[in-house]
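Just so we're aligned: 722 in the numbering used here is position 732 of the sequence shown, and the numbers increase by one with no gaps anywhere. Where is the CB? At the ideal position from N, CA and C, for every residue including glycine.
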Amino acid sequence: MEVFPLLLVLSFWWSRTWDSASADSIIHIGAIFDESAKKDDEVFRTAVGDLNQNEEILQTEKITFSVTFVDGNNPFQAVQEACELMNQGILALVSSIGCTSAGSLQSLADAMHIPHLFIQRSTAGTPRSGCGVTRSNRNDDYTLSVRPPVYLNDVILRVVTEYAWQKLIIFYDSEYDIRGIQEFLDKVSQQGMDVALQKVENNINKMITTLFDTMRIEELNRYRDTLRRAILVMNPATAKAFITEVVETNLVAFDCHWIIINEEINDVDVQELVRRSIGRLTIIRQTFPVPQNISQRCFRGNHRISSTLCDPKDPFAQNMEISNLYIYDTVLLLANAFHKKLEDRKWHSMASLSCIRKNSKPWQGGRSMLETIKKGGVSGLTGELEFGENGGNPNVHFEILGTNYGEELGRGVRKLGCWTPVTGLNGSLTDKKLENNMRGVVLRVVTVLEEPFVMVSENVLGKPKKYQGFSIDVLDALSNYLGFNYEIYVAPDHKYGSPQEDGTWNGLVGELVFKRADIGISALTITPDRENVVDFTTRYMDYSVGVLLRRAEKTVDMFACLAPFDLSLWACIAGTVLLVGLLVYLLNWLNPPRLQMGSMTSTTLYNSMWFVYGSFVQQGGEVPYTTLATRMMMGAWWLFALIVISSYTANLAAFLTITRIESSIQSLQDLSKQTDIPYGTVLDSAVYEHVRMKGMNPFERDSMYSQMWRMINRSNGSENNVLESQAGIQKVKYGNYAFVWDAAVLEYVAINDPDCAFYTIGNTIADRGYGIALQHGSPYRDVFSQRILELQQNGDMDILKHKWWPKNGQCDLYSSVDTKQKGGALDIKSFAGVFCILAAGIVLSCFIAMLETWWNKRKGSRVPSKEASSLQNETTTSERRNAWPLRPCLKLATSTWRSQASSHGLHQSSQLGGPLGDP
-9 MEVFPLLLVL
1 SFWWSRTWDS
11 ASADSIIHIG
21 AIFDESAKKD
31 DEVFRTAVGD
41 LNQNEEILQT
51 EKITFSVTFV
61 DGNNPFQAVQ
71 EACELMNQGI
81 LALVSSIGCT
91 SAGSLQSLAD
101 AMHIPHLFIQ
111 RSTAGTPRSG
121 CGVTRSNRND
131 DYTLSVRPPV
141 YLNDVILRVV
151 TEYAWQKLII
161 FYDSEYDIRG
171 IQEFLDKVSQ
181 QGMDVALQKV
191 ENNINKMITT
201 LFDTMRIEEL
211 NRYRDTLRRA
221 ILVMNPATAK
231 AFITEVVETN
241 LVAFDCHWII
251 INEEINDVDV
261 QELVRRSIGR
271 LTIIRQTFPV
281 PQNISQRCFR
291 GNHRISSTLC
301 DPKDPFAQNM
311 EISNLYIYDT
321 VLLLANAFHK
331 KLEDRKWHSM
341 ASLSCIRKNS
351 KPWQGGRSML
361 ETIKKGGVSG
371 LTGELEFGEN
381 GGNPNVHFEI
391 LGTNYGEELG
401 RGVRKLGCWT
411 PVTGLNGSLT
421 DKKLENNMRG
431 VVLRVVTVLE
441 EPFVMVSENV
451 LGKPKKYQGF
461 SIDVLDALSN
471 YLGFNYEIYV
481 APDHKYGSPQ
491 EDGTWNGLVG
501 ELVFKRADIG
511 ISALTITPDR
521 ENVVDFTTRY
531 MDYSVGVLLR
541 RAEKTVDMFA
551 CLAPFDLSLW
561 ACIAGTVLLV
571 GLLVYLLNWL
581 NPPRLQMGSM
591 TSTTLYNSMW
601 FVYGSFVQQG
611 GEVPYTTLAT
621 RMMMGAWWLF
631 ALIVISSYTA
641 NLAAFLTITR
651 IESSIQSLQD
661 LSKQTDIPYG
671 TVLDSAVYEH
681 VRMKGMNPFE
691 RDSMYSQMWR
701 MINRSNGSEN
711 NVLESQAGIQ
721 KVKYGNYAFV
731 WDAAVLEYVA
741 INDPDCAFYT
751 IGNTIADRGY
761 GIALQHGSPY
771 RDVFSQRILE
781 LQQNGDMDIL
791 KHKWWPKNGQ
801 CDLYSSVDTK
811 QKGGALDIKS
821 FAGVFCILAA
831 GIVLSCFIAM
841 LETWWNKRKG
851 SRVPSKEASS
861 LQNETTTSER
871 RNAWPLRPCL
881 KLATSTWRSQ
891 ASSHGLHQSS
901 QLGGPLGDP
């Protein structure tokens, strides 16, 4: 608290000292510093003191100066203070401020012809953004940028491209202007990279706490996955605090890779960042050349630099900012320019300039002094300081440091390469840690049998069991590449592992916790609780919750032929047949038809009904009715029958070839809303805990999990849950039950079931993944993760998946019934009803025939003269048949007789007309 007043006193004393000496000195410069940059002022004064002691540069002349402090965000104050300095008479103006006031000072320097050496600084060590200092080729540009342009966009893009990242997140602190990396964001967007941005607040602990309070477990898992690749654009202090917080809250794993980029990172910051981080860390910072000869570190040509600035072991030198180094070199550059002007005897004396008066003239010697400064160059603390044609310093050198993947904190850091605007990247950033360096290593592997991840392929008495499955294929791929061997055994309790009441773990996880196995592999999901006690590789397959259900069985309907029409429609059709038959009979009774000769059809009600039915089934014969009304009625009836029969035929074909049975359960939401089918999972499994946590979370927005938890937790979980997954599968196949389990396992069961009796539903969003578990702090975790990433990148992992989950399996995974996709032969079951109707008709007709026979016999026994009457009828019929050839002659004679009788006015007797007119 006492340093700041002391600096003010010293500043006032120095100003008074050099102002009083300025009357005797011809070299006077002005300096404007940000009020927070007290170290800039200290270094500036040290540089002037060192040069005033060097008689080889300025000989007998001494540099005097005036320093003023301004608010970096107040351009008006900066211009006002600069005018005061110009009024005193200065040869050059040195400023170390932010971009806000830089443009105003540039305009003033251009107007007054005062060389302006601008040193851009950022707030509290935050990375710089490009300043809006405009450059032109005009002769009135008097501002020179001492610090090189901001190349952060180019360096980040080159490094990210070298690492082949496709998805990343950028964290930046509250002081950084995000527009500084707009160029980088535009380029990666064009390349198809997925880039997210997040601002880091000053209260980092509160920020992380808010994340845990507002995000669900699935969202946190996805957020953790995003954090695997990150870029930190922030000051070193914020970066240290942020890394510490995310590591302690388990937001990042050992397979993460972060890049920290900032020009203002010193050696102490590097060691501290590496010590606090896990995973892989890459640090990009600006560095300056250091003489190899230790004795020459404080010498630059004929100039000696103060040891407090050039000695790396000095505490002051260790904590210097980059702007401090450029300020020292700026003073050194001005001193050499003044020396050259004195030697050439082209000195222009200082002039007192006024910014207030409208007709004030600029300094006449400004252009000459500017050219001398631009043509000069020095070798200082920042290396070579010189200016190009555009007034900028082109010399910049970035150093790229990094670590390999590792679990231990405080691991070593090494130089990976360097970058310059001219040569680009020099060095390789590829991680060379992944090598076949595990030959001869034998790992003990614990597993749990779970189709299709781990299954017993061979079990010969007296020999070790052999295993196969998707997880075994992944383990073999790692073994073949890295060169290790393994011994595998099944967990004694056949469980994956869950915490017990005493805090210990059982199952597969317990074998790793108690160091009885080196790695664990099966259908093991990565959960936060498990990650607290064991390490996991990166996920080698996504995980989601699924449900296994039994397909709806196709019931045998003997009367499928009646299915096209509803029962009410059949009743209407039968009633219509009776009604139309009755109407036909009534029309013929009211207006009897004139029957054709030889027709034996009578207009009885029975015949009318039979004719209407025959025409409906398209079996009717010749129309016996000749009246117009009857014909109109039958025409309408035939059209009605045609439409009905056509519709029936089309629907019958569809019903006999395609089964229209749909299950009401097509999603997890449907399952949770119904209670007819009970469902459950494996007791105390990861799925059980997952549903329990979501179901009991009062802040869970979706009520689906709470409904599922009520069903699963019936009778404390003993009613609907099972002890093993195979028991759940058998319960689905032979009972009314739905099994909630890993979607990958259930899909394999459904694909390979010989009866295709199952189908699956599930959540399409993968909220976690399957991983290989290792002992906490295992040295193999990082190597395995790298190899898994390579398998995923080159497509080998997809090949292994298709081996166990083929795309074109024998069973449909998602159809709730066994739908026939193509036409096939119809079986007897489909036509059983037709045969039943035929059989019923045959039986009924036989019964009626027997009834008619019995009735006729009974009626015949009641008429004694039946034989005589029959004989008389036969005789009469025979006589008529014998008289048939004479009928034409009789008709002709009758016609002739009638015509004659008509001409004589005679009338035919009724007795003659009867027999002759009878056909």
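Look up residue i in the DSSP assignment and give the residues it is bridged to.
i	result
VAL435	ILE478 and ILE509
GLY373	GLY370
ASN416	CYS408
PHE55	ILE19
TYR669	ALA728
TYR471	The partner list for TYR471 (beta bridge, DSSP) is empty, contrary to what the question assumes.
GLY392	THR272 and ARG404
LYS453	DSSP, once it has assigned bridges, lists no residue as partnering LYS453.
Give the straight-line distance between the Cα atoms of residue i and residue j, rounded to the nearest whole angstrom.
i	j	result
GLU857	ASN846	Residue placement at GLU857 is flagged as unreliable, the pLDDT there being 49, under the threshold of 50; the coordinate-derived value follows with that caveat. So the alpha carbons of these two residues sit roughly 15 angstroms apart.
SER26	ARG137	19 angstroms
LEU217	PHE161	10 angstroms
ALA763	ILE511	6 angstroms
CYS408	LEU419	10 angstroms
PRO(-5)	ARG111	Unreliable placement is indicated for PRO(-5), whose pLDDT of 39 sits below 50; the coordinate value is still reported in the next sentence. Each residue's Cα considered, the two are about 23 angstroms apart.
ARG434	HIS766	15 angstroms
GLU51	GLU379	30 angstroms
THR594	CYS562	24 angstroms
PRO411	ARG35	32 angstroms
ALA507	VAL436	6 angstroms
LEU360	PRO384	18 angstroms
GLU652	ALA542	Because GLU652 sits at a pLDDT of 48, beneath the cut-off of 50, its placement in the model cannot be relied upon, and the following sentence gives the value as read from the coordinates. Spanning the two alpha carbons is a distance of roughly 8 angstroms.
LEU81	ASN326	13 angstroms
GLY571	ASP666	50 angstroms
ALA37	ASP100	26 angstroms
ARG682	THR517	14 angstroms
GLN43	SER296	11 angstroms
SER868	TYR596	Low local confidence applies: a pLDDT of 48 at SER868 is under 50, so the model's placement there is unreliable, with the coordinate-based value given in what follows. Near 31 angstroms, if we compare the C-alpha coordinates of TYR596 and SER868.
GLN188	GLY93	30 angstroms
MET623	VAL722	60 angstroms
Using the beta-carbon count (16 or more within 10 Å), is residue i buried or exposed?
i	result
PRO688	exposed
PHE825	exposed
MET686	exposed
VAL602	buried
SER344	exposed
GLU842	exposed
LYS453	exposed
CYS300	buried
TYR669	buried
ILE838	exposed
SER56	buried
ILE233	buried
HIS293	buried
CYS836	exposed
Quick check on residue i - is its C-beta less than 7 angstroms from some C-beta in chain C?
i	result
LEU764	The structure shown has no chain C; it contains just one protein chain.
Check each candidate in the options and name the one with the smallest Cα separation from residue i.
i	options	result
ILE22	VAL84, ALA37, ALA644 and GLY487	VAL84
ILE390	GLY382, LEU406 and LEU375	LEU406
ASN319	PRO302, TRP353 and GLY366	What sits at residue 319 in the sequence shown is Asp, not Asn. That would be GLY366, whose Cα lies nearest to the Cα of ASP319.
LEU498	ASP163, VAL634 and ALA513	ALA513
ASP745	TYR724, GLY356 and LYS797	TYR724
GLU448	GLY565, GLN458, GLU440 and ASN726	GLN458
THR671	ARG777, ASN742 and ARG700	ARG700
ALA467	ILE719, LEU790, VAL178 and PHE306	LEU790
ILE198	ARG206, SER179, LEU241 and PRO226	LEU241
Is any heavy atom in the ligand SAH found nearer than 6 angstroms to the beta carbon of residue i?
i	result
VAL677	As for the ligand SAH, it is missing from this structure, which has no ligand bound.
Which runs of the beta strand (DSSP E) spanning at least 3 residues fall entirely within the segment 146 to 231, listed in chain order? Runs of the beta strand (DSSP E) spanning 3 or more residues and lying entirely within the segment 146 to 231 occur at 157 to 163, 184 to 190 and 219 to 223, in chain order.
Output the residue ranges of the beta strand (DSSP E) runs that lie fully inside the segment 683 to 750 and measure 3 residues or longer, sorted by chain position. Within the segment 683 to 750, the complete beta strand (DSSP E) runs of at least 3 residues are 728 to 732.
Contiguous beta strand (DSSP E) assignments of at least 3 residues, all confined to the segment 24 to 93: Counting only runs of 3 or more, we get 53 to 60 and 83 to 86.
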